[in-house]
Amino acid sequence: MATPSTSRALLRTATPRTILSVPRRQFGRLSKANLGCPSLTTSPRPLSTPLPTSSYLLQTTRHYASSKHPEGFTPPTPADLSELRTTVQEFVRRSLPETLASETDRSNQFPPDMWLKLGEAGLLGITADPAVGGLGLGYQAHCIVMEELSRASGSIALSYAAHSQLCVNQLQLNGSKEQKEKFLPDLIAGTKVGALAMSESGSGSDVVSMRTRAKEVDGGYVLNGSKMWITNGPDADIVIVYAKTVPDGGSKGITAFIVETDKAEGFECLRKLDKMGMRGSNTGELVFENVFVPKENVLGKVNGGVRVLMEGLDLERLVLSAGPLGLMQAALDVALPYAHGRKQFGTPIAQFQFMQGKLADMYTKLQASRAYTYATAKAVDEQADIRTQDCAGAILYAAERATECALDAIQILGGMGYTEEMPASRILRDAKLYEIGAGTSEVRRMVIGRAFNKEYAHLAN
90 MATPSTSRAL LRTATPRTIL SVPRRQFGRL SKANLGCPSL TTSPRPLSTP
140 LPTSSYLLQT TRHYASSKHP EGFTPPTPAD LSELRTTVQE FVRRSLPETL
190 ASETDRSNQF PPDMWLKLGE AGLLGITADP AVGGLGLGYQ AHCIVMEELS
240 RASGSIALSY AAHSQLCVNQ LQLNGSKEQK EKFLPDLIAG TKVGALAMSE
290 SGSGSDVVSM RTRAKEVDGG YVLNGSKMWI TNGPDADIVI VYAKTVPDGG
340 SKGITAFIVE TDKAEGFECL RKLDKMGMRG SNTGELVFEN VFVPKENVLG
390 KVNGGVRVLM EGLDLERLVL SAGPLGLMQA ALDVALPYAH GRKQFGTPIA
440 QFQFMQGKLA DMYTKLQASR AYTYATAKAV DEQADIRTQD CAGAILYAAE
490 RATECALDAI QILGGMGYTE EMPASRILRD AKLYEIGAGT SEVRRMVIGR
540 AFNKEYAHLA N
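Its first residue numbered 90, the sequence shown is counted upward by one per residue in the working numbering.
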């Protein structure tokens, strides 16, 4: 069995946080943790109340009927979201400075106490039901947290997303009442780390070809197989694992399971991967050898795993699309002051048209990507409208633009951009992951094309 990482060992001894009853729209835990923001210690701002027109009543019905949000969800106002962004920026300033981001990249180790800090700040349950300790704020809010964390550290933000979106949100969407009450409090507190295990060495984008098997036995299932490229895998306490329960059943023979690694005899993190970028976001290969999973740990329906997976995948792509936004902003954070302070021929290089063009392109790409991501998230929050082509399109566009912006930042910095003394190199290495993970750029284009084919299928007859 692999030796637990330092961060995992620390969490084992941590005392779970008592679940606080936080009124919606009051970011109480964020202020109580260590931020000390006066504006957040007052009573929550009352929600604006639109006139009860028929369209408003219909919209409200959709909010409460949405299966992608906790019961009773109402979308946050622009003021709520602005306040949240300010709060997360303050958390980053205090808890995730550039020195820590740089050391995380250099050492390829996730900061040991970061999970507890994120949990104390309330950031690990952004979309989860307040009844189990979450904030129930929706996907616009989740994108804001993801963007601001990525602006500081792409790798820490990626691990955050794997925990809060791929694990916590999947449990929120598909877990039974008993499963939510059992697993979500510790995950939201940051005393346990979550992961999702779908990909295998021979089946990444081709999910249905996975080879991991789950055989039904008395009281549950026995899992055999391996999973590859699993973010948080080396540290995970709770892993959502997809396995074939009907080997020749295709998409109708896959089931999702909740694996508790500390109770799973036969589970092992075989190795931690040494990646080009996203260093410190611990990624591993997981092995399951006759791992027993009790039947109460089946997530969703037996043989209904693909439905669980695909429903979560759209939202995963949406939230992850905010990662490249943060990296683009980070590239501008480096390039803009450097270009205005660096002189050549007695003139700041920002006054040269070639440099102005690069800065303008970086800024425009960021704003266009940001608009696409948040418009898609707003549609999910306000209309329960999840368009597969837009979730795929948002991350497709943002990911490719982030790599371009990182390259432009390096070019603006010149020789300094090619050294590790500046963060531009790290930003580039981190950005490239988003063209590969959560479905490659090629697969995203295919997903968009297939969505169009489905929409216009009636014209082919």
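Beta carbons: idealized from backbone N, C-alpha and C, even for Gly.
Practice task
From the DSSP output, read off the bridge partner residues of Ile-233.
Solution key: Counting from one through the sequence shown, the residue named residue 233 turns up at place 144. Looking at the DSSP assignment, Ile-233 forms no beta bridge with any residue, so it has no partner.
Problem - the segment 508-528 touching the segment 183-195, judged by at least three CB pairs closer than 8 Å - result: The segment 508-528 is in contact with the segment 183-195.
Problem - Cβ neighbours of Lys-341 in the same chain (closer than 8 Å, five flanking residues each side left out) - result: For the purposes of this step, residue 341 is identified with residue 252 of the sequence shown, where counting begins at 1. Exclusion of the five residues before and after Lys-341 leaves Val-335, Asn-392 and Val-395 as the residues of its chain whose Cβ lies within less than 8 Å of its Cβ.
Practice task
To the nearest angstrom, report how far apart Pro-383 and Val-348 are at their CA atoms.
Solution key: Translated into the one-based positions of the sequence shown, residue 383 becomes position 294. Translated into the one-based positions of the sequence shown, residue 348 becomes position 259. Those two C-alpha atoms are separated by around 9 Å.
Practice task
Answer with buried or exposed for Met-367, where buried requires no fewer than 16 other C-beta atoms within 10 angstroms of its C-beta.
Solution key: Taking the first residue of the sequence shown as position 1, residue 367 is located at position 278. Met-367 is classed as buried because its beta carbon has at least 16 other beta carbons within 10 Å across all chains shown.
Handout entry: Candidates Val-330, Gly-338, Asp-363 and Thr-477, of which the one nearest Thr-350 by Cα
Key = Numbered from its first residue, the sequence shown carries residue 350 at position 261. By alpha-carbon distance to Thr-350, the top candidate from Val-330, Gly-338, Asp-363 and Thr-477 is Val-330.
Problem - Closest by C-alpha distance to Met-287, when choosing among Met-505, Leu-213 and Ile-319 - result: Position 198 of the sequence shown, counted from the first residue, corresponds to residue 287. Sorting Met-505, Leu-213 and Ile-319 by C-alpha distance to the C-alpha of Met-287 places Ile-319 at the top.
Problem - Euclidean distance between Cα positions of Val-536 and Ala-483 - result: Against the sequence shown, residue 536 aligns to sequence position 447. Against the sequence shown, residue 483 aligns to sequence position 394. Cα atoms of Val-536 and Ala-483: separation of roughly 12 Å, rounded to the nearest angstrom.
Handout entry: Pick from Tyr-249, Lys-271, Glu-493 and His-231 that is closest to Val-221, judged by C-alpha positions
Key = Position 132 of the sequence shown, counted from the first residue, corresponds to residue 221. The shortest Cα separation from Val-221 among Tyr-249, Lys-271, Glu-493 and His-231 belongs to Lys-271.
Practice task
Specify, as a first and last residue, the run of the alpha helix (DSSP H) that Val-297 falls within.
Solution key: Residue mapping note: residue 297 aligns to position 208 of the sequence shown, counting from 1. From DSSP, Val-297 is part of no alpha helix (DSSP H); its letter is neither H nor E.
Practice task
Please confirm whether Leu-388 and Ile-327 have their CB atoms less than 8 Å apart.
Solution key: In the sequence shown, counting from the first residue as 1, residue 388 sits at position 299. In the sequence shown, counting from the first residue as 1, residue 327 sits at position 238. Taking 8 Å as the cut-off, the beta carbon of Leu-388 is found no closer than this to the beta carbon of Ile-327.
Practice task
Pick out the complete beta strand (DSSP E) segments inside the segment 317-383, 3 residues or longer, and give them in chain order.
Solution key: Segments of the beta strand (DSSP E) lying fully in the segment 317-383: 327-333, 343-349, 356-361 and 372-383.
Handout entry: Among Arg-534, Glu-172, Ser-292 and Pro-201, the one whose alpha carbon lies nearest that of Leu-185
Key = Here residue 185 refers to the residue found at position 96 when the sequence shown is read from its first residue. Of the candidates Arg-534, Glu-172, Ser-292 and Pro-201, the one whose C-alpha sits nearest the C-alpha of Leu-185 is Pro-201.
Handout entry: Inter-residue Cα distance where the pair is Arg-83 and Leu-407
Key = Residue 83 lies beyond the range of the chain shown here (90 to 550); nothing can be said about it.
Exercise for the section: Within 10 angstroms of the Cβ of Ala-217, are there 16 or more other Cβ atoms? Answer buried if so, exposed if not. Expected result: One-based indexing of the sequence shown puts residue 217 at position 128. Ala-217 comes out buried.
Problem - Rounded straight-line distance, which links the Cα of Met-399 to that of Arg-539 - result: Taking the sequence shown and counting its residues from 1, the one referred to as residue 539 is at position 450. Taking the sequence shown and counting its residues from 1, the one referred to as residue 399 is at position 310. Computed Cα separation, rounded: 14 Å.
Practice task
With hydrogens ignored, establish whether the beta-carbon of Glu-179 is closer than 7 Å to any heavy atom of the ligand SAH.
Solution key: As for the ligand SAH, it is missing from this structure, which has no ligand bound.
Practice task
Please report the residue range of the beta strand (DSSP E) in which Ala-284 lies.
Solution key: Numbered from its first residue, the sequence shown carries residue 284 at position 195. Taken as a continuous stretch (DSSP letters only), the beta strand (DSSP E) holding Ala-284 covers 283-286.
Practice task
List the endpoints of the continuous alpha helix (DSSP H) containing Lys-157.
Solution key: Position 68 of the sequence shown, counted from the start, is the residue given in the question as residue 157. Unbroken run through Lys-157: none, as it is neither H nor E.
Problem - Spatial distance of Asn-386 from Phe-346 (CA atoms) - result: Numbered from its first residue, the sequence shown carries residue 386 at position 297. Numbered from its first residue, the sequence shown carries residue 346 at position 257. For Asn-386 and Phe-346, the distance between alpha carbons rounds to 6 Å.
Practice task
Name the residue from Thr-175, Thr-163 and Lys-543 whose alpha carbon lies nearest to the alpha carbon of Leu-226.
Solution key: As a position in the sequence shown, residue 226 is number 137, starting the count at 1. Nearest option by C-alpha distance: Thr-163.
Problem - Neighbourhood of Gln-261 by C-beta, 8 Å cutoff - its chain only, sequence neighbours within 5 removed - result: Here the question's residue 261 lines up with position 172 in the sequence shown. Here the set comprises Pro-159, Thr-216, Ala-217, Asp-218, Gly-223, Lys-269 and Leu-273.
Practice task
Classify Leu-375 as buried or exposed, calling it buried when 16 or more other Cβ atoms lie within 10 Å of its own Cβ.
Solution key: Within the sequence shown, the letter at position 286 stands for residue 375. So Leu-375 counts as buried.
Handout entry: Three-state secondary structure assigned by DSSP to Thr-131
Key = Position 42 of the sequence shown holds residue 131. Only weak support exists for where Thr-131 lies, its pLDDT of 31 falling under 50; the value from the coordinates is given anyway. Three-state DSSP puts Thr-131 in coil, outside helix and strand.
Exercise for the section: Kindly indicate which three-state DSSP category Val-306 falls into: helix, strand or coil? Expected result: Your numbering for residue 306 matches position 217 in the sequence shown. In the structure shown, Val-306 adopts extended strand secondary structure according to DSSP, grouped into three states.
Problem - Length of the line joining the Cα atoms of Ser-72 and Glu-179 - result: Because the chain here runs from 90 to 550, residue 72 falls outside it and cannot be looked at.
Problem - Short Cβ contact (8 Å threshold) for Asp-337 with Asn-371 - result: As a first step, residue 337 is located in the sequence shown; it is residue number 248 there, counting from the start. As a first step, residue 371 is located in the sequence shown; it is residue number 282 there, counting from the start. Against a cut-off of 8 Å, the Cβ pair of Asn-371 and Asp-337 comes out as no contact.
Problem - Straight-line gap, Asn-599 to Ala-513 (C-alpha atoms, nearest Å) - result: Given a span of 90 to 550 for the chain in the structure shown, any question on residue 599 remains unanswerable.
Problem - Cβ pair count under 8 Å reaching 3, the segment 432-452 against the segment 465-485 - result: As far as the Cβ criterion goes, the segment 432-452 does not touch the segment 465-485, which means the pair count is below three.
Problem - Burial state of Ala-411 (16 or more Cβ within 10 Å) - result: Translated into positions along the sequence shown, residue 411 becomes position 322. Ala-411 is buried by the Cβ-count criterion.
Handout entry: Boundaries (first-last residue) of the alpha helix (DSSP H) holding Asn-542
Key = If you number the sequence shown from 1, residue 542 lands on position 453. Here the alpha helix (DSSP H) through Asn-542 covers 530-544.
Handout entry: Contained alpha helix (DSSP H) runs [length at least 4] in the segment 425-478, N- to C-terminal order
Key = Here the runs fully enclosed are 442-472.
Exercise for the section: Please name the residue or residues paired with Val-311 in a DSSP beta bridge. Expected result: The residue you call residue 311 lines up with position 222 of the sequence shown. Beta bridge pairing from DSSP links Val-311 with Lys-304 and Phe-381.
Practice task
Output the distance between the C-alpha atoms of Tyr-486 and Ala-420, rounded to the nearest integer angstrom.
Solution key: For the purposes of this step, residue 486 is identified with residue 397 of the sequence shown, where counting begins at 1. For the purposes of this step, residue 420 is identified with residue 331 of the sequence shown, where counting begins at 1. If you take the alpha carbons of Tyr-486 and Ala-420, they lie about 17 Å apart.
Practice task
Output the distance between the C-alpha atoms of Glu-237 and Leu-548, rounded to the nearest integer angstrom.
Solution key: Translated into positions along the sequence shown, residue 237 becomes position 148. Translated into positions along the sequence shown, residue 548 becomes position 459. Cα to Cα, Glu-237 sits roughly 44 Å from Leu-548.
Handout entry: Closer than 8 Å to chain C by CB, Met-287
Key = Among the chains in the structure shown there is no chain C, since it carries only a single protein chain.
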